[in-house]
Amino acid sequence: MTDLTKLTLAEARDGLKAKKFSATELTKAFVTAIDKGNGALNAYVLPTPDHALAQAKDSDARLAKGEARPLEGLPLGHKDLFCTKGIRTTACSKILDDFKPPYESTVGQNLWDAGAVMLGKLNNDEFAMGSSNETSAFGPVINPWRRTRDGKPDNAKLVPGGSSGGSSAAVAADLCLAATATDTGGSIRQPAALTGTVGIKPTYGRCSRWGIVAFASSLDQAGPIAKTTRDAAIMLRHMASFDQKDSTSVDTPVPDYEAALTQGVKGLRIGVPKEYRVDGMSKEAEESWQKGIAWLKAAGATIHDISLPHTKYALPAYYIVAPAECSSNLARYDGVRYGLRVAGKDLIDTYENTRAAGFGKEVKRRVLIGTYVLSAGYYDAYYLKAQKVRTLIKRDFDLAWDKVDCILTPTTPNPAFGFGEKSGDPLAMYLEDIFTVTVNMAGLPGISVPAGLSSEGTPMGLQLIGKPFDEATLFRAAQAIEDAAGRVTVKDHWWA
Ligand code: GLN
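According to the numbering used here, the stretch in the sequence shown is residues 20 to 515, in order.
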């Protein structure tokens, strides 16, 4: 039999329906691949093989009765930011310790109700704060991709992006068919770009945030990382839903995104914002951007120069809004209600001990910045200003939608980088998000799709930004890029 782990989600779905293999065989193939490969990649922080095989057995029973649900028997990885009922959920922080949630996130429940199988919980940056997956309490995730330098293989370890680095690495390394992820400032799209996978952050309100460990509530969104545009389309359809339990969830129908893929891009108006040509952008990013423009044009789209004048303020404003909300959300980790407790001589001492021991360096940095910008005297100067900038950024996009249907930019300024290259310099790390944060600030959908390889043989990603709730158009345009660029996959499975 062929290696089932190499199938796309759509191929596996069709193979199960055609009874070419069973859900149990498919799941076992992934359980074996995780057993062999996870030691080297550290993508999963908690494989759940027994749980997966029990779900697969149930799927096989349904498949046999002809009662298959849309994702019946398809094995997925699940970011550890999603609460899983009775299964340890840590957000990859020591502070949550051995927390076993008494409930399932809505996105997770939607997937399991559609028949999907959970292979385990995936690594991420602590509380989803980071761009390299180096801040996880479980240690970093290794990118399955390696560079070539001067035509020779270079075995230096590369980061898989973050915060959803476990999700991107697991998908790129065939340790799951697809994975859940979350994106507050780029954490779905940036890791997808650095691993040659497809990741979409839907419109704010498209997926329920209920049961997802909160980082910055006005920016957080769930979405998939997958091997292909089609797989991402299938996944998003079954992750998204209106949810009474999330007051920011929007009651609007979820279209069949897979059906939209056949529509092509003829006549679609694509905007190219001049402000995204920033200092420090690699030659490679510029080149892949130009290739993307040519591919879309050749497929029948029209290209339009546009201006998003407030782009340059997005990153500084994000790094005020996100830490502000983080400091407020993370106040709940007090050693009393969840996870870790390091007792002290009195209550205040217990809070301090617990938070000092439980949070990592990056999280502490954000809590300090956030507390500062929200404090009396600084609130107006920083937080309120940043919120005003946010409105201006949103207005830039609102004006652009008069002229174009979606916007094309690079996803990241550079391809995957090495460990430690940026982790000592928070500002260099924050620059990773320069093209992605605007999308969260404006609440818009954004997708990253592979656009070939860099001169070092590592993936480059292109980002498409869309109108609110118009993910379907993004999938169409992403499919056109994928058709032209081709899929990129790691040739040497060195971890297996
Ligand atoms: N890298 C960004 C940050 O550190 C975004 C993270 C995210 O999207 N969760 O805040």
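Yeah, the Cβ is synthetic: ideal placement off N, Cα and C, and Gly gets one too. Please read all numbers here as calculations on a predicted model, not as lab measurements.
Exercise. Got a sec, what are the start and stop residues for the beta strand (DSSP E) residue 428 sits in?
Worked result: 425-429
For this session: Compare the C-alpha of residue 166 against each of 74, 475, 208 and name the closest.
Result: When C-alpha distances from residue 166 are compared across 74, 475, 208, the shortest belongs to 475.
Problem set entry | Residue of 502, 423, 95, 286 minimising C-alpha distance to residue 244 | 95
For this session: Less than 8 Å between the CB atoms is what I'm expecting for residue 198 and residue 60, so what's the real figure, rounded?
Result: Not really, about 13 Å apart at Cβ, beyond 8 Å.
Exercise. Does DSSP classify residue 248 as helix, strand or coil?
Worked result: The answer is helix: DSSP assigns residue 248 an H, G or I state.
Exercise. Under the criterion of a Cβ to heavy atom distance below 7 Å, does residue 447 qualify as lining the ligand GLN?
Worked result: Not under cutoff, so the answer is no.
For this session: Would you give the residue range spanned by the alpha helix (DSSP H) that residue 56 belongs to?
Result: 42-60
Exercise. According to the Cβ coordinates, are residue 456 and residue 334 closer than 8 Å?
Worked result: The answer is yes: Cβ separation under 8 Å.
Exercise. Out of 467, 442, 92, 332, which has the shortest C-alpha to C-alpha gap to residue 155?
Worked result: 442
Exercise. Can residue 206 be considered in contact with the ligand GLN, in the sense that its beta carbon sits closer than 7 Å to one or more heavy atoms?
Worked result: yes
For this session: Indicate, with yes or no, if the ligand GLN has a heavy atom lying under 7 Å from the CB of residue 99.
Result: no
Problem set entry | Test item: CB-CB of residue 280 and residue 494 under 8 Å | Here residue 280 is near residue 494, since their CB atoms are less than 8 Å apart.
For this session: Keeping to the same chain, check which residues put their C-beta closer than 8 Å to that of residue 118; ignore five residues upstream and five downstream.
Result: Excluding residues within five positions, the ones whose Cβ falls inside 8 Å are 107, 108, 109, 357, 358.
Exercise. Would residue 240 be called buried (16 or more neighbouring beta carbons within 10 Å of its own) or exposed?
Worked result: buried
Exercise. Can you name the start and end residues of the alpha helix (DSSP H) that residue 132 belongs to?
Worked result: 125-132
For this session: With a floor of 4 residues, list each alpha helix (DSSP H) that falls wholly inside the region 141-228, ordered by position along the chain.
Result: 184-191, 208-214
Problem set entry | residue 471 in three-state terms, based on DSSP | DSSP places residue 471 in strand when its eight states are reduced to three.
For this session: Ignore the nearest five residues each way along the sequence and tell me which others in residue 389's own chain have a CB closer than 6 Å to its CB.
Result: For residue 389, where only same-chain residues beyond five positions count, the Cβ hits under 6 Å are 342, 343, 345, 346.
For this session: Take residue 391 and list the residues in its own chain whose beta-carbon comes closer than 7 Å to its own, dropping the five residues that flank it on each side.
Result: 397
Problem set entry | Boundaries (first-last residue) of the alpha helix (DSSP H) holding residue 392 | 380-393
For this session: Please list, in chain order, all residues of the same chain as residue 99 whose beta carbon is under 8 Å from its beta carbon, the five residues on each side excluded.
Result: 64, 65, 108, 109, 110, 111, 140, 141, 142, 143, 185
Exercise. In the DSSP assignment, what are the bridge partners of residue 481?
Worked result: 429, 468
Exercise. Between residue 369 and residue 376, what straight-line distance do the alpha-carbon atoms span, to the nearest angstrom?
Worked result: 11 Å
Problem set entry | Extent of the continuous alpha helix (DSSP H) to which residue 65 belongs | No alpha helix (DSSP H) contains residue 65, which is instead part of the beta strand (DSSP E) from 63-66.
Exercise. Cβ of residue 465 within 8 Å of Cβ of residue 484?
Worked result: Remark: C-beta atoms of residue 465 and residue 484 approach each other more closely than 8 Å.
Problem set entry | Cα-Cα separation between residue 238 and residue 84, rounded to whole angstroms | So the alpha carbons of these two residues sit roughly 42 Å apart.
Problem set entry | Euclidean distance between Cα positions of residue 151 and residue 271 | 34 Å
For this session: State the DSSP-derived secondary structure class of residue 240, mapped to helix, strand or coil.
Result: strand
For this session: Apply the 10 Å Cβ neighbour rule to residue 250 and answer buried if 16 or more other Cβ atoms are within range, or exposed otherwise.
Result: buried
Exercise. Once you ignore the five residues that flank residue 405 on each side, which residues in its own chain have a CB closer than 6 Å to its CB?
Worked result: 336, 339, 340
Exercise. Buried or exposed: residue 228, going by 16 or more other Cβ atoms within 10 Å of its Cβ?
Worked result: buried
Problem set entry | Reference residue 104; option with closest CA among 438, 399, 469, 120 | 120
Problem set entry | Assigned exposure category for residue 307 - 16 Cβ within 10 Å defines buried | buried
Exercise. Exposed or buried, residue 315, counting other C-beta atoms within 10 Å across all chains shown (16 or more means buried)?
Worked result: buried
For this session: Check whether the Cβ atoms of residue 28 and residue 82 sit closer than 8 Å, and answer yes or no.
Result: no
For this session: Would you list, in sequence order, the uninterrupted beta strand (DSSP E) runs of no fewer than 3 residues that lie entirely inside the region 283-327?
Result: 288-292, 321-325
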